[in-house]
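*Asks:* The structure's right below; bear with me while I get my questions together.
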Amino acid sequence: MKKITILAFICLTAGLSAQSFSIYKTNNAGVNTVTVTNGGNLTEATVAGGNTNTKIKIKNNAANTQTFSVLRSVVFNSPTLILDGSSTTPNTYFCFGYSCFASNVNSPTPSDYTILAASGQTSTTFPYADNSFANSQPFSLYLAEGTNVGNYVIRYKVFNISNANDTLAFTVSYNPGVGIKEHNGNVQMISGVYPNPASTEAILSVNSTRNQTGSVTIYNAIGQRVKTITVNLESGSNELKINTSELNAGVYNVTLNSSEGLSSKKLIVSK
Numbered sequence: 530m531k532k533i534t535i536l537a538f539i540c541l542t543a544g545l546s547a548q549s550f551s552i553y554k555t556n557n558a559g560v561n562t563v564t565v566t567n568g569g570n571l572t573e574a575t576v577a578g579g580n581t582n583t584k585i586k587i588k589n590n591a592a593n594t595q596t597f598s599v600l601r602s603v604v605f606n607s608p609t610l611i612l613d614g615s616s617t618t619p620n621t622y623f624c625f626g627y628s629c630f631a632s633n634v635n636s637p638t639p640s641d642y643t644i645l646a647a648s649g650q651t652s653t654t655f656p657y658a659d660n661s662f663a664n665s666q667p668f669s670l671y672l673a674e675g676t677n678v679g680n681y682v683i684r685y686k687v688f689n690i691s692n693a694n695d696t697l698a699f700t701v702s703y704n705p706g707v708g709i710k711e712h713n714g715n716v717q718m719i720s721g722v723y724p725n726p727a728s729t730e731a732i733l734s735v736n737s738t739r740n741q742t743g744s745v746t747i748y749n750a751i752g753q754r755v756k757t758i759t760v761n762l763e764s765g766s767n768e769l770k771i772n773t774s775e776l777n778a779g780v781y782n783v784t785l786n787s788s789e790g791l792s793s794k795k796l797i798v799s800k
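Going by my numbering, the first residue of the sequence shown is number 530, and it counts up by one from there.
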């Protein structure tokens with residue numbers, strides 16, 4: 530049975546602009562391995578009881594010194610991450626500026642902002658008294674796994690303190706696909722978005738293994754949440770109609786979150 534649902538989104542849009550800085554994933558030697566794009570996603574694998582470290586480098590492309598901060602948010606977690614500041618696992622935390630923060634910290638205080646010199650120099654502000662594994666790295670992300678491997682998506686938004694529009698947001702997906710399979714082997718997922726590009730309306734095709742409640746969230750190109758809507762899914766094929774008439778032209782990420790897991794598709798809106 531196919532169910533058609535109409536989703537009306539009220540846009541909380543923000544202007545898009547080119548960033549004055551770049552972000553890279555690096556190896557342990559500090560060598561760039563991946564250029565992190567705005568709205569991009571990095572994937573990592575964890576092991577039970579292990580602590581996965583993702584090293585990030587920020588490069589200032591401006592001709593003047595700039596100060597940066599970061600905001601962390603949890604998009605999806607199964608099992609639930611324990612973010613109470615203790616060392617109980619599973620949890621996630623990060624190092625930025627001069628400090629490594631407890632799991633309950635989502636953004637550093639001004640004393641721990643990262644200050645980058647001009648001419649594209651990278652930050653080397655971590656003191657040796659801090660986490661030695663992170664020395665000379667301005668930004669390190671950690672996922673401390675529990676006794677079982679889980680599925681997590683964490684979003685980080687790096688931003689220029691003096692320019693609210695100068696941001697770069699990305700996600701880190703840990704063990705994509707882990708924990709979303711039913712016992713019968715079926716997987717709940719977004720099978721497609723059409724038309725794409727869309728102008729006034731897009732249809733999200735969703736296959737669900739059972740009747741359940743979920744949510745659809747739209748993120749813009751800089752990782753800001755535009756809107757989240759609760760949806761009721763029926764077992765089988767579902768079509769969710771998304772009103773895109775109030776969305777600005779651009780690239781968006783549409784994410785479906787349900788008890789079976791997380792699934793995302795890129796949506797392009799043209800006017």
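Cβ atoms here follow ideal geometry from the backbone N, Cα and C, with glycine treated the same way.
Please read all numbers here as calculations on a predicted model, not as lab measurements.
(1) Residues bridged to residue 595 by DSSP?
(2) Relative to the C-alpha of residue 565, which residue among 558, 554, 572, 559 is closest?
(3) By the DSSP assignment, the beta strand (DSSP E) with residue 758 in it spans what residues?
(4) Pull up the DSSP beta-bridge partners for residue 584, would you.
(5) When you compare the CB positions of residue 687 and residue 700, do they come within less than 8 angstroms of one another, or not?
(6) Would residue 671 and residue 582 qualify as a contact pair, given that the criterion is a beta-carbon distance under 8 angstroms?
(7) Could you tell me how far apart the beta carbons of residue 735 and residue 783 are, in whole angstroms, since I believe they sit closer than 8 angstroms?
(8) For residue 551, which option in 790, 578, 587 has the closest C-alpha, if you only look at C-alpha atoms?
(9) Would you report the Cα separation of residue 723 and residue 792, rounded to the nearest angstrom?
(10) Taking Cβ positions, are residue 726 and residue 799 nearer each other than 8 angstroms?
(11) Going by DSSP, what residue range makes up the beta strand (DSSP E) through residue 768?
(12) Taking C-beta to C-beta, are residue 559 and residue 608 nearer than 8 angstroms?
(13) With distances taken Cα to Cα, identify the nearest neighbour of residue 794 among 719, 620, 574, 731.
(14) Here's a check: name, in chain order, each residue in its chain whose Cβ is nearer than 8 angstroms to the Cβ of residue 580, leaving out the five neighbours to either side.
(15) For the beta strand (DSSP E) containing residue 549, name the first residue and the last one.
(16) Can you say whether residue 576 is buried or exposed, counting buried as having 16 or more other CB atoms within 10 angstroms of its CB?
(17) What is the DSSP secondary structure of residue 640, counted as helix, strand or coil?
(18) I'd like the list of long-range same chain contacts for residue 538, defined as Cβ closer than 8 angstroms, with 5 residues on each side in sequence excluded.
*Replies:* In terms of the structure at hand:
(1) 645
(2) 554
(3) 754-762
(4) 555, 669
(5) no
(6) yes
(7) So it is not a contact: roughly 11 angstroms between Cβ atoms.
(8) 587
(9) 16 angstroms
(10) yes
(11) 765-772
(12) no
(13) 719
(14) 671, 672, 673, 674
(15) That residue, residue 549, is in no beta strand (DSSP E); it is neither H nor E in DSSP.
(16) exposed
(17) helix
(18) At residue 538 the pLDDT is 46, less than 50, meaning the model places this residue with poor confidence and gives no usable figure here.
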